[in-house]
Every structure is written in structure tokens, then in C-alpha cells.
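A quick write-up on the structure given underneath.
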Amino acid sequence: MSDIDEVFTKLGFGKMQFIILLSCFNLQIWMTNEQLGFGVIIAGASCEMRIHDRRLAWLMAASFAAQMVSCFLWGELADVYGRRKIIMITSTVANIVSILSACVPEFWGFLFLRSVGGFFIAASVVSLMTYLSEFTKISLRPRVLTIMSFSLGVSMIYVPCLAGVLLPLRTEPSSWRILLLCNQVPGIIGIIILVFLPESPKYYLSINNQEKAMQVMEKICRMNKGKKVTLNSLGVESLTQPRLRQPTEKHGSCYETKVLLLNHAKIMWFFFIIFFSLSGLGFALPIWMLRVRVLTATFTDWDTMCSHLDGIKADSPGRTECHLTYEQMTDPMIHGCVVLALFVVTSVILTWLSRRWVIIGYICISIIGCVALNFMEHPNLILISFFAIIDPLICSVRLAGSMLIDLVPTHLRGKVFALISMTGRAGILITSVYVGYTLSYICYVTFNIFILVLIGCHVYWLPSEFQRTSFTN
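In C-alpha cells, the structure reads:
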């Protein structure tokens, strides 16, 4: 029997992996459009939907609460029925629901459909990195997953560029609705490509389906090495992988979850704290950053962000224009470029440093950014402080996810990622509501509390690289 990771090493990172990466890249752009890019949609819809701070907080909270509730369901189903099938079905439904939400005339219907979309998009959040990683040899995995994360930066450029063209227009239907429809295009492309791709061979091995695992690997072999090369010619007659679940071994969703939370409690709680804290700040604050910039754009004098916000009521849409300009989209475009550049730099840094030390360094940068917001008065310095808080944490979440994939055996990955994603979504939900209810009243406390949260992250207790035997059954 040949170890499947050794076979992947023989086959190399070839045509099949590039096509899978392309599909996952497009799906990740769409997911980011739906989550981080949603802040641009809200900026355009604020007047028509009468979205003030509290409505924004609940709009975000409802979507992420739906994701949090559904994560475990999708993680369990991905382990039982396969990553590809779950991603394809749920992404299609989420795409349709998002298109319908662009047609809703009032806030509460919009809130409902965004919540339903969040329920289904959670499946891709749980399964997408796992699906790509299971076609990639271990030594390349951190860099390949980081390259897939370039899509976050691409999305954060794509949405404001389109918004800068569409939102200034006075059209029927409203320009923000057209933008919301355009945001679905990468998802549609990703789903179409996914239709022609195989299921993960590691998933097939995890359910003891040797025949289908061999068929998938044979297809990869022919695409990567040419039609004349077969697994047989490479000396591969059957496949195995470390830490396979034995047929006689007790299993079941409740039992395996209990094993994870009790037998591996220490390592799981480290990840819970990391994902709760870093996801909460990294993925909730970009929408608030854009809102703060739009709310304070009419002030001509230099002052700290909190001094400006003292004069704006939390239940008011703020002194904003209902039709935003291209210039107001410049900040999100710059932000996307910074995120993309940071992921590119991270992929290079990983050549010399372990993921643990990169994450520790990024958290330190975010703490400095939180401190700087207390003092910065120039609008550009305030923007840079926001970037310093948000962008390193977005990178850190993705790196922590790749560490977790290396740590967990195939048959538990769906459940583990579901639990971690639930925790991350809880962090985003709580951060969103917290900022919505405190930003206009106790602004200085709002961001200084984040310093304590980041200091409390126990990243420095994690080993530099996990042993693959860390999780056993």
C-alpha cells in the first residue's frame, strides 16, 4: 500500500491542482464579497434601507449567527457525504438567495434573506480550505492555502472598484442592488468549474472506499503526468493514509465531538480562543472601518476618530450622501491592495519562519494599531491604524486554519472546522454587536478593550509546527 501523501509528491502540483485552486479561488472571492464586501453594499443601501449603527450591527449579527448555528451541521455532512458535494449544493442555494435579497424592497425582508444566505454559505466556510488541502502534498500546503487567500485581497479590490463605478449612478433598480448581483459572478464561475472536479480522494479513504480513491488519483495522475502515465506504472496499486479510522472503531458525530472536546481539550481550547478573538476583530471591523470613514468624511478639521464620532448619534444614518462617490471607494480599494500584498509577503515569509511566529508577529502589529487609534488625527493615519489592526489578523486566521488542517485526521476535519468556525462566527457576531452599541458612546473603551483581547490570545503557547500524530483516536 502506498501512502497517499507520497503519491501526491510523485504526481506533483500539476494541472488538476491548478484547476481546483482556480475553483476554490473564485468561490473564496464570492464568499469574501458576501461577508467583507457586504460593508460596501451597506454603505450604498444606508439611505434606502435606513440602516443606522444598530441596524447594521443586527444585520451583521443575524448573518453570522446563522453561519454559527449551521457550521456544525455542514461539518458533519461534509465528513459523511464529501466536501465537494456539500460545497456545490450549498453554494448554489446561497447564490440564489443572495440574488433574491437584491430584489427585496424593505429592511426586514433583506435581513431575513441575508440570514438564510449566511446559513448556507457556512458550508463553504467549513469545507473549502479542507477540500483544496486534501489535493495538496503536506510540504506545499501552507503556501498553497496562503495563495488561495490572495482571493480575499482580490475581492476587497473587486467590490469597491465596481462600487466606485455603480454607486454614484442614479438608476432603477438601485445601484447597490446591481452591485450585489455582480458580487455573485465569481461564485457562479467557481460552482461551474467545481461541477467537473472530483471528490477528495482522502475523503474516500476516510470512508474506506479504496476503489473511488484510486479512480480519483488515476484521474489526477493522467492530468498531471500525461495520458500514458498510470498509477500502476508508478508502482501504486492501493492507497492508505495515516490515522485512518478503523472499521471496528466506535464512531458517530456525538462520540467524535466528545473525543475532540475531552481527549484533546487543551489544543482545542487554544484554537477556540485564537479563532474567537482573531476572527471577531479581523472580519467584523472592516465593515465598521468603512462606516466610520463614511460618517466622518464631512469633517474638515483634523481630530481623533472618537472625537468626531462623539457628535454622531448611534441611531442616525449619519451625515452621508445617499449616492456615494468613486473617491469614497478609494479607501476600500487601498485596503484590498494592502491585504493582497500582505498575503503575498506572508507566502514569502513562510519560507523562513514557522506559522506560529508569523501569527505572533501579526498580533503584535494589531495591538500597535489599536493603541495608535487613540492618538491619530490625520485621516490617512487613522486609516493606516485600521489596516494595522485588521489585515494581520485576517492573515493570522488563515494561517491558523492551515495549522489545524495539518493537525487533524481526515475523518475529523469537517467536525473540527465546524467547531472552530462556530467559534469564529461567535466572535464576529459579538464584536459586531459590541461595536454597534458602544462606538458612538464609549469609543475609546471600544478599541482599547481589543488590546486586552489580543494580549489574551494564547498563540505563543502553541508549538511551532504540529506533529501529525497530535490528534489520534
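Each residue of the sequence shown is one higher than the one before, starting from 393 at the first, in this note's numbering.
Glycine residues also receive a C-beta, built at the ideal position from the N, C-alpha and C atoms.
Which residues does DSSP pair with residue i in a beta bridge?
i, result
"S394", "L631"
When DSSP labels each residue in this structure, what does residue i get in the three-state scheme?
i, result
"Y829", "helix"
"F668", "helix"
"F588", "coil"
"K620", "coil"
"N600", "coil"
"S541", "coil"
"P560", "coil"
"R442", "coil"
"G404", "coil"
"H803", "helix"
"A706", "For A706, the pLDDT reaches just 49, beneath the cut-off of 50, and the residue's location in the model is therefore unreliable, leaving the point undetermined."
"W680", "helix"
"D471", "helix"
"V496", "coil"
"W450", "helix"
"V789", "helix"
"K529", "coil"
"W694", "coil"
"M814", "helix"
"W744", "coil"
"E719", "helix"
"F663", "helix"
"M768", "coil"
How is the alpha helix (DSSP H) around residue i delimited, first residue to last?
i, result
"K477", "R475 to S493"
"G761", "R747 to A764"
"G509", "F499 to S525"
"W568", "S567 to C574"
"H727", "T722 to I741"
"M423", "K407 to Q427"
"L844", "C835 to I847"
"L701", "M697 to L701"
Leaving out the 5 sequence neighbours to the left and right, which residues in its chain are closer than 6 Å to residue i when beta-carbon positions are compared?
i, result
"I679", "G431"
"V845", "S669"
"T861", "With a pLDDT of only 47 at T861, under 50, the local geometry of the prediction cannot be trusted, and the value read off the model is given with reservation. If we look at T861 and ignore the five residues flanking it on each side, it has no Cβ neighbours."
"I786", "G674"
"C574", "L554"
"I409", "First, the amino acid is wrong: residue 409 is Gln here, not Ile. The residues are F527."
"G816", "F667 and S671"
Excluding sequence positions up to five away, which residues of its chain have a Cβ less than 7 Å from the Cβ of residue i?
i, result
"K407", "M615 and N616"
"S567", "G436, L558, L559 and L561"
"T401", "K529"
"L505", "V489, L492, S493 and V496"
"M814", "M460, C463 and F464"
"A457", "L821"
Going along the chain, which residues of its own chain have a beta-carbon closer than 8 Å to the beta-carbon of residue i, five neighbours each way excluded?
i, result
"I549", "M725, G728, C729 and L732"
"H770", "W694"
"Q859", "Any reading at Q859 needs caution, since the residue's pLDDT is 46, under 50, leaving its predicted position unreliable; the model's value is listed next. The answer is none, since no qualifying residue turns up."
"S394", "G627, V628, E629, S630, L631 and T632"
"R533", "S525, S794, I797 and D798"
message = Could you check whether the stretch 423 to 440 touches the stretch 591 to 608, counting it as contact only if at least three pairs of C-beta atoms, one from each stretch, sit closer than 8 Å?
response = no
ask   = Okay, do the stretch 774 to 785 and the stretch 506 to 518 touch, 3+ Cβ pairs below 8 Å being the bar?
value = no
ask   = So does the stretch 739 to 758 actually touch the stretch 803 to 810, counting three or more Cβ pairs closer than 8 Å?
value = no
task = Decide if the stretch 523 to 530 is in contact with the stretch 411 to 420; the criterion is three or more beta carbon pairs, one per stretch, under 8 Å apart.
result = yes
inquiry  = Count Cβ pairs between the stretch 824 to 840 and the stretch 551 to 559 that sit closer than 8 Å; are there 3 or more?
reply    = no
message = Three or more C-beta pairs under 8 Å: does that hold for the stretch 747 to 756 against the stretch 574 to 581?
response = no
task = Inspect the CB distances between the stretch 452 to 460 and the stretch 816 to 824 and report whether three or more fall short of 8 Å.
result = yes
ask   = With a cut-off of 8 Å, do at least 3 Cβ pairs link the stretch 533 to 542 to the stretch 782 to 801?
value = yes
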